[in-house]
Every structure is written in C-alpha cells, then in structure tokens.
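The structure under discussion appears below in the form of structure tokens.
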Amino acid sequence: MELTIGSAIFLTLLATFLFAFWYQALKHLGEYPLAGFVMWLYISSFITILAACRVLGAHDMPEGIFQEIQGKELAAFGVCLGGAAMTYGLIVSLIHMKEYGMIANQAISGTAGAILGVILTFVVGGLSPDVSLAMVLAAAAVLIGASVILQYSGMIKTGDRKKQGENESQQNMESLKKQNKMLIFSNILMMGYSIAYMLGTRSELHPKGFPALLCVLLLAIGSLFAALSYAAVSLTRHHQWRQALIPPNRIPIYMALGAGICHYGGNLMQIYALPLLSAPVSNLLLKTSSLWTYLWGVVYGEYKGAVLKSKIFLAAGIGAYAVGILLLTYALYC
Numbered sequence: 001m002e003l004t005i006g007s008a009i010f011l012t013l014l015a016t017f018l019f020a021f022w023y024q025a026l027k028h029l030g031e032y033p034l035a036g037f038v039m040w041l042y043i044s045s046f047i048t049i050l051a052a053c054r055v056l057g058a059h060d061m062p063e064g065i066f067q068e069i070q071g072k073e074l075a076a077f078g079v080c081l082g083g084a085a086m087t088y089g090l091i092v093s094l095i096h097m098k099e100y101g102m103i104a105n106q107a108i109s110g111t112a113g114a115i116l117g118v119i120l121t122f123v124v125g126g127l128s129p130d131v132s133l134a135m136v137l138a139a140a141a142v143l144i145g146a147s148v149i150l151q152y153s154g155m156i157k158t159g160d161r162k163k164q165g166e167n168e169s170q171q172n173m174e175s176l177k178k179q180n181k182m183l184i185f186s187n188i189l190m191m192g193y194s195i196a197y198m199l200g201t202r203s204e205l206h207p208k209g210f211p212a213l214l215c216v217l218l219l220a221i222g223s224l225f226a227a228l229s230y231a232a233v234s235l236t237r238h239h240q241w242r243q244a245l246i247p248p249n250r251i252p253i254y255m256a257l258g259a260g261i262c263h264y265g266g267n268l269m270q271i272y273a274l275p276l277l278s279a280p281v282s283n284l285l286l287k288t289s290s291l292w293t294y295l296w297g298v299v300y301g302e303y304k305g306a307v308l309k310s311k312i313f314l315a316a317g318i319g320a321y322a323v324g325i326l327l328l329t330y331a332l333y334c
C-alpha cells in the first residue's frame, strides 16, 4: 500500500476517530458482562487482520508470513507480548470507563498517556531527519496543554455539579482515587503496544522490523490471547459463560464484533502510516483520540448541567487540539 504524507495523516486521524467511536458500545452493554464484550471484541479484531492479510498479504509479504518471521522469532514473540500488554491495560481502562464515564477516564489517561507517549516515542521510536524537531516539540506542548485544559474543564464541571447539590460520598471518592491509580497503571501497560509497533514495524529508522501488516497480525495474536485469558477467568469466576455466549439480547455481541473491526482496523491504518510519519508524530496524532472521547461524552450528556466556564475551557481544549494537529502537519511538510 503506497501512501503520501497527506494520506498517512488522514489514516492516522481516521484511526483516532475509530478508537473513540467503538468505545460508545460500552454505553449500551446493559447487563452484558464486560469480559464477554472483550472476548468478542478481540475475536473480531483477529479475524479482521486475518482478512486483511488475505487481501494485502501477497503485496506486503510476497515471501509469506513464516519466511518473514524466520530468524526473528524472538522479535515476533516480543511484538505479541506488546499486543497482550495493551489489551490488559485496555481492560483496566474499560472497567473504569464503564463505571465512571468517558470524560472521567480521559481526565487522567489522556494527560498521563500523552506525557508518557511523547517521552517513549522520542527515546524508542526516533524522529526522521526530514521532520522538524522544533515543530514536533511545539505540537507536543500544545497537545499536552490541550489535554490539561480539557481535564480542568471536567474538574470544574464536577465541582459545579457539587454546588448544585449532587453530593458524592467519601466512599465513592476513595474508589475513584483507586481507579485513577489503576488508569495510570493501564497507560503503562499500553505502552507495551507503542514499543512493539515502533520497534516491530519496518521503516527507515528500523529496517529490520516486520512489514506493517505482519506487525499488526502479531499484535492481534497477543491481544487475542490476553482477551481470552481474561474472559476465561472472569466469566468462569462469575458464572457468566451462558450470558456471554447466548444472551437473550445479542446486540452487545454484534456491537463487540463491530468494535473489533474499528479497533484493529484503526491499528492497521495507524501502523501502515507510521513509516511516513515517524513514531513521535504518529503518537501525537493518536493522542487526539482524547478529543473525540470528550466530544462523545458531550453527546451522551456528561456535560449536561455544567456552567459556562466549564464549557469555555472545553471549547479552548478542542481549539488547542486543532492547533496541535496543524503544527504536526506543518512539521511534516516544512
């Protein structure tokens, strides 16, 4: 698949939309077990990438999968581990998101993930010499600032609600603190995915990596293992296998299958675009998924009742994300 810089940027931004879009399924699970959703999500993800290999494999891997892996088995296993780490981290994030909402989730994970991601991508991924370092650093500062602004918007929105009479118990606050610690741990686990695709994808900076399609397949294998192991433990422990496999309402299963296409379809788009963008730029563009998460949170009423000040900061954060994207685009073309 031959890409231009413009199409690579478009694919990465489309991937960020898909990542935030499939999260909406969590709003409609009802009593369906989250472990069942995760199981079907990654079964669908794996099938999606297998289908992509069927369609694109002859072009991207003319010598075949096993020939590409030969002599690099340890590296292939490492990429699989990265996929598994991402999935375990995502499970923690989904548990938090289902209980506290998308905006509360992004208030911690958006900022923490952005800072960790910037450091990691520069150290591990490296920046192409054709890309303006100064502009990328400026964009990083703007995007991290945007995340902080949106976080503050969510904080004063919660404070305003308290003044309006919505009291939270001390027990709930302690639970929230515990979940926030888990979210930071979640982001650390998900860094395994970033390390895996940055080192595992063949590019100018990493010529010994795998073709993008094969790298995504290895990630999907690791993710499938993690999802099935989590489902096996959780569904067995809570006696929910019947509810997960043959529920009275099968809509959550269909949503999980669609979410899997969006999830790993987005991963495939992003990793295909990586060699043209370089890891730091790709990672920063991915962080704009926080913007979509906030916007979906608004659609689902998570800003309902917030006062004007909170909404002004929300608009400012959205504007800052737009400026960050423009700076990254300029960094690639200047």
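In terms of the numbering used here, the sequence shown opens at residue 1 and continues consecutively. All C-beta atoms in this analysis are idealised placements derived from N, C-alpha and C, irrespective of residue type, glycine included. Quick caveat: nothing in here was measured; it's all calculated off a predicted structure.
Could you tell me whether the Cβ atoms of Thr87 and Ala256 are closer together than 8 angstroms? Along the sequence shown, one-based indexing puts residue 87 at 87. Along the sequence shown, one-based indexing puts residue 256 at 256. Thr87 places its beta carbon 8 angstroms or farther from that of Ala256.
For Thr288, which three-state DSSP category applies? One-based indexing of the sequence shown puts residue 288 at position 288. Assignment of Thr288 by DSSP, reduced to helix, strand and coil, places it in the coil class.
In whole angstroms, what is the alpha-carbon distance linking Ser289 and Val323? Sequence index remark: in the sequence shown, residue 289 carries index 289 (1-based). Sequence index remark: in the sequence shown, residue 323 carries index 323 (1-based). If you draw a straight line from the Cα of Ser289 to the Cα of Val323, it comes to about 15 angstroms.
Among Glu68, Lys311, Phe313, Pro280, nearest to Ala138 - alpha-carbon criterion: Translated into the one-based positions of the sequence shown, residue 138 becomes position 138. Cα-wise, what sits closest to Ala138 is Pro280.
Just the Cα atoms here: how many angstroms apart are Thr12 and Val55? Within the sequence shown, numbered from 1, the residue matching residue 12 stands at position 12. Within the sequence shown, numbered from 1, the residue matching residue 55 stands at position 55. C-alpha of Thr12 to C-alpha of Val55: approximately 21 angstroms in a straight line.
Using 8 angstroms as the threshold, is the region 47-67 in touch with the region 248-255, meaning 3 or more CB pairs across them? Output reads no: the region 248-255 does not touch the region 47-67.
Compare the C-alpha of Asp60 against each of Thr293, Gly301, Glu2, Leu18 and name the closest. The count along the sequence shown starts at 1 and reaches residue 60 at position 60. The closest CA to that of Asp60, considering only Thr293, Gly301, Glu2, Leu18, is found on Glu2.
Of the listed residues Leu235, Cys215, Glu99, Lys287, nearest to Asn187 (C-alpha basis): Here residue 187 corresponds to residue number 187 of the sequence shown, with the count starting at 1. Minimum Cα distance to Asn187 is reached at Lys287.
Among Pro33, Phe10, Leu18, Gly317, which one has its Cα closest to the Cα of Arg242? Locating residue 242 in the sequence shown gives position 242, counting from the first residue. Distance check between Arg242 and each of Pro33, Phe10, Leu18, Gly317 places Pro33 closest, using alpha-carbon atoms only.
Between Met39 and Ala231, is the Cβ-Cβ spacing less than 8 angstroms? Translated into positions along the sequence shown, residue 39 becomes position 39. Translated into positions along the sequence shown, residue 231 becomes position 231. Cβ distance < 8 angstroms, so Met39 and Ala231 count as in contact.
Rounded C-alpha distance that separates Phe66 from Leu74: Here residue 66 corresponds to residue number 66 of the sequence shown, with the count starting at 1. Here residue 74 corresponds to residue number 74 of the sequence shown, with the count starting at 1. Note on geometry: alpha-carbon atoms of Phe66 and Leu74 lie some 13 angstroms from one another.
Give me the DSSP bridge partner(s) of Phe210. Working through the sequence shown from its first residue, we reach residue 210 at position 210. Paired residue(s): Thr201.
Whose C-alpha, out of Ala8, Ile253, Leu274, Val148, is nearest the C-alpha of Ser373? With the chain covering only 1 through 334, there is no way to say anything about residue 373.
Do Leu189 and Gly337 have their beta-carbon atoms positioned less than 8 angstroms apart in this structure? Not covered by the structure: residue 337. The range shown for the chain is 1 to 334.
Consult DSSP for Ile69 and reduce its assignment to one of helix, strand or coil. As a first step, residue 69 must be located in the sequence shown, where it is residue number 69. Ile69 carries a helical assignment under DSSP once its states are collapsed to helix, strand and coil.
Look at the alpha carbon of Phe19 and the alpha carbon of Leu26, and state the distance between them as a whole number of angstroms. Translated into the one-based positions of the sequence shown, residue 19 becomes position 19. Translated into the one-based positions of the sequence shown, residue 26 becomes position 26. Taking C-alpha positions only, Phe19 is separated from Leu26 by approximately 13 angstroms.
Please tell me whether Ile5 and Leu332 are closer than 8 angstroms, where the distance is taken between their beta carbons. Taking the first residue of the sequence shown as position 1, residue 5 is located at position 5. Taking the first residue of the sequence shown as position 1, residue 332 is located at position 332. Going by C-beta atoms, Ile5 is nearer than 8 angstroms to Leu332.
In the DSSP assignment, the alpha helix (DSSP H) including Pro275 goes from what residue to what residue? Position 275 of the sequence shown, counting from 1, holds the residue named residue 275. Here the alpha helix (DSSP H) through Pro275 covers 251-277.
Tell me whether Met61 sits in a helix, a strand or coil according to DSSP, three-state version. Reading the sequence shown from its first residue, position 61 is the one you call residue 61. When secondary structure is reduced to three states using DSSP, Met61 falls in the coil class, being assigned neither helix nor strand.
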